[in-house]
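Residue numbers (the working numbering): 1226 to 1483.
Structural data, given as structure tokens:
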């Protein structure tokens, strides 16, 4: 079992991408990758970049299509929580069934901006006891049939950073999001991944990374993901993923495989 080896970055190093990682297509055993993180972490933007760069199929959760989320969830969680959660659960179920068919047919690599199992993070945070019991029965009824990712990439960021990014993208339905909700969600993600026992995963602190505005940051996180994939394919038992890339943005990554 791979063990997390989190330690601070003590010196700045140039993150050069080895020639073997400069590929336009992911090959090998890792064909289903999930990018995870709390709201505002940058999951979807990273999936768009990676999918185009690595010739992978993007699978994006239906956020703006969720009428309960856009219709008042962040304004009145108690009223909209169950409907919002069930919409996400059932839409993700349909998407993941299609992912299973894609993988079974050998039709390339899938890059999703969510991991199906994380659905439970939001359910525990927002649902009352009775609603959660009903939700959990539905969740468990379908979970076993869905494919687990070969790799989960967890994008970690501070609550302040998440809030700044949420405000900057300015989705109309997110304007009523408050700091306590984002902080509780962020803590729930940290707890979830601290005891994560699922597939191989890599945690990257992205609080100081801007892969949309700084190409060097994108190349760095891309290299971390490709190195992780290469190590999984090689069956290596430890990863050395602590690197830093220019512009004063120090960051760290740790990997584990269950």
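Just so you know, even glycine gets a beta-carbon here, dropped at the ideal spot from N, CA and C. Since this is a predicted model, take the numbers as computed values, not measurements.
- Assignment of beta-bridge partners to residue 1259 by DSSP yields 1337 and 1377.
- Nearest in C-alpha terms to residue 1397, of all of 1296, 1383 and 1313, is 1296.
- According to the DSSP assignment, residue 1322 belongs to the alpha helix (DSSP H) that extends over 1302–1329.
- Of the residues 1262, 1450 and 1254, the one whose Cα lies closest to the Cα of residue 1346 is 1262.
- Of the residues 1448, 1350 and 1453, the one whose Cα lies closest to the Cα of residue 1408 is 1350.
- Our two residues, residue 1273 and residue 1303, have alpha carbons roughly 33 angstroms apart in a direct line.
- Residue 1440 counts as exposed, since fewer than 16 other C-beta atoms from the protein chains shown sit within 10 angstroms of its C-beta.
- It is roughly 30 angstroms from the alpha-carbon of residue 1271 to the alpha-carbon of residue 1301.
- DSSP, reduced to helix, strand and coil, places residue 1288 outside both helices and strands of the structure shown, so it counts as coil.
- Note that the region 1428–1445 touches the region 1374–1387; at least 3 beta-carbon pairs, one per stretch, sit closer than 8 angstroms.
- C-alpha of residue 1442 to C-alpha of residue 1267: approximately 13 angstroms in a straight line.
- Within the model, the alpha-carbon separation for residue 1375 versus residue 1321 is close to 14 angstroms.
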